[in-house]
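A.B. asks: In full-length UniProt numbering, the protein residues as written are 1 to 296.
Beta carbons are placed, not taken as given, at the ideal position from N, Cα and C, and that holds for glycine.
All values derive from a computational prediction rather than experimental measurement.
1. For residue 138, does the three-state DSSP call read helix, strand or coil?
2. Inspect the CB distances between the stretch 20-37 and the stretch 69-82 and report whether three or more fall short of 8 Å.
3. Here's the rule: buried if 16 or more other CB atoms are within 10 angstroms of the residue's CB, otherwise exposed. What is residue 222?
4. Rounded to whole angstroms, how far is the Cβ of residue 146 from the Cβ of residue 122, which I believe are closer than 8 Å?
5. Tell whether a beta-carbon distance below 8 Å holds between residue 225 and residue 85.
6. Enumerated in chain order, which unbroken segments of the alpha helix (DSSP H) with a length of 4 residues or greater are wholly contained in the stretch 142-210?
7. What did DSSP end up calling residue 275 once you bin it into helix, strand or coil?
8. Mind reading off the beta-carbon distance from residue 161 to residue 112? Whole number of angstroms is fine, and I expect it under 8 Å.
9. Which same chain residues end up closer than 6 Å to residue 246 when comparing Cβ atoms and leaving out the 5 residues on each side of it in sequence?
10. May I ask you to report which of helix, strand or coil DSSP gives residue 226?
11. Out of curiosity, what's the CA-to-CA distance linking residue 109 and residue 91?
12. Using the Cα positions of residue 148 and residue 196, report the straight-line distance between them to the nearest angstrom.
13. Between residue 126 and the rest of its own chain, which residues show a CB-CB distance below 8 Å, the 5 nearest in sequence each way excluded?
14. Return the chain-ordered ranges of every alpha helix (DSSP H) run that is complete within the stretch 61-96 and spans a minimum of 4 residues.
15. Per DSSP, what kind of secondary structure is residue 38 in: helix, strand or coil?
16. Leaving out five residues before and five after residue 259 in sequence, what residues of the same chain have Cβ atoms less than 8 Å from its Cβ?
17. Classify residue 103: buried if its beta carbon has 16 or more other beta carbons within 10 angstroms, exposed otherwise.
18. Just how far apart, CA to CA, sit residue 292 and residue 96?
19. Let me confirm a value: residue 177 is counted as buried when at least 16 other C-beta atoms fall within 10 Å, else exposed. Which label applies?
20. In three-state DSSP terms, what is residue 130?
21. For residue 74, which residues of its own chain have a beta-carbon under 7 Å away from its beta-carbon, when the five flanking residues on both sides are left out?
22. Nearest by alpha-carbon distance to residue 185: which of 94, 241, 266, 248 is it?
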């Protein structure tokens with residue numbers, strides 16, 4: 001037991017060092033640099049050299065206090081970034097309360113209009129292909145390409161103000177449409193049937209999603225340093241955009257993975273819950289749904 005606790009303590013210390021201490025120390029160094037350089041960083045090296053000399057002289061007077069101050073500042077910056085990352089994930093999911101939902105409604109409606117327009121174009125192309133109609137050269141796209149264009153907006157009709165929120169919510173809509181199963185209710189039971197290697201994949205992808213949110217949060221904090229020195233605003237915007245891009249990729253991978261797990265393991269769940277079916281049809285799915293809800 002003592003060995004286990006010792007190893008656990010080492011892993012927690014390593015994780016704290018990588019995810020909190022190092023980024024926090026970098027941010028503290030950036031804050032000092034931004035304060036020293038100001039908005040006219042013409043003599044960068046000279047300014048930083050003088051600032052480092054001044055800080056070193058102060059640290060030599062009381063080394064312990066200097067170390068504690070640096071560690072506390074780094075931890076505070078890291079905790080602030082962690083809190084901001086939680087807010088980023090919440091905003092990305094798009095499940096906003098009423099005041100923010102009012103602000104997000106135009107975004108959702110605009111994306112819904114784009115989706116409906118592209119879905120209409122796709123259905124028209126499918127009907128034309130079934131009727132054997134020929135496409136005018138250079139004026140129409142095949143149904144497959146139109147489906148890709150529609151799916152870039154969303155795999156299902158948009159219901160959230162954010163693309164990431166819709167991408168995750170689309171899994172629920174697709175599973176209900178295909179199987180008649182409420183995935184939000186089925187998921188805790190389904191998770192118990194998922195093999196360990198597939199669970200590890202889900203955790204890995206979710207960690208990538210959380211890491212992207214943290215990266216965007218750091219980008220926001222670096223952008224704030226732009227109030228002291230404008231180059232840090234540029235750095236912050238670049239970091240935030242990279243975090244946003246990684247977040248979209250991770251959300252798409254997460255949605256694909258959850259949908260795949262539902263496709264592969266819902267028949268097993270149906271059997272385990274007493275709904276025998278070889279292929280999980282919608283009727284069997286609805287029966288499973290009623291069983292899972294237990295009348296609630």
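C.D. replies: So, from the data block:
1. Residue numbering aside, residue 138 sits at position 138 when the chain shown is read from its first letter. Because the pLDDT at residue 138 is just 46, under 50, the model does not fix this residue reliably, and the value given afterwards should be weighed accordingly. Coil, per DSSP.
2. yes
3. Numbered from its first residue, the chain shown carries residue 222 at position 222. Buried, by the Cβ-count rule.
4. On the chain shown, position 146 is the one that residue 146 refers to. On the chain shown, position 122 is the one that residue 122 refers to. Right, their Cβ atoms sit about 4 Å apart.
5. In the chain shown, residue 225 corresponds to position 225, counting from 1. In the chain shown, residue 85 corresponds to position 85, counting from 1. Not closer than 8 Å, so no.
6. 143-153, 163-179, 183-193
7. Locating residue 275 in the chain shown gives position 275, counting from the first residue. DSSP places residue 275 in coil when its eight states are reduced to three.
8. Translated into the one-based positions of the chain shown, residue 161 becomes position 161. Translated into the one-based positions of the chain shown, residue 112 becomes position 112. At roughly 10 Å, the Cβ-Cβ gap does not stay under 8 Å, so residue 161 and residue 112 are not in contact.
9. Here residue 246 corresponds to residue number 246 of the chain shown, with the count starting at 1. These residues qualify, in order along the chain: 212.
10. Position 226 of the chain shown, counted from the start, is the residue given in the question as residue 226. The answer is helix: DSSP assigns residue 226 an H, G or I state.
11. In the chain shown, the residue the question calls residue 109 occupies position 109. In the chain shown, the residue the question calls residue 91 occupies position 91. Going from the Cα of residue 109 to the Cα of residue 91 covers about 17 Å.
12. Counting from one through the chain shown, the residue named residue 148 turns up at place 148. Counting from one through the chain shown, the residue named residue 196 turns up at place 196. In this structure, the CA atom of residue 148 is about 33 Å from the CA atom of residue 196.
13. Within the chain shown, residue 126 is the residue found at index 126, counting from 1. Around residue 126: 143.
14. 63-93
15. In the chain shown, residue 38 corresponds to position 38, counting from 1. Correct three-state label for residue 38: coil.
16. The residue given as residue 259 occupies position 259 in the chain shown. 171, 174, 175, listed in sequence order.
17. Reading the chain shown from its first residue, position 103 is the one you call residue 103. By the 10 Å Cβ count, residue 103 comes out exposed.
18. Translated into positions along the chain shown, residue 292 becomes position 292. Translated into positions along the chain shown, residue 96 becomes position 96. When rounded, the distance between both Cα atoms is 27 Å.
19. Residue numbering aside, residue 177 sits at position 177 when the chain shown is read from its first letter. Exposed is the call here.
20. Locating residue 130 in the chain shown gives position 130, where the first residue counts as 1. Helix at residue 130.
21. As a first step, residue 74 is located in the chain shown; it is residue number 74 there, counting from the start. Within the same chain, residue 74 has close Cβ partners 21, 24, 25, 28.
22. Sequence index remark: in the chain shown, residue 185 carries index 185 (1-based). Among 94, 241, 266, 248, the Cα nearest to that of residue 185 belongs to 266.
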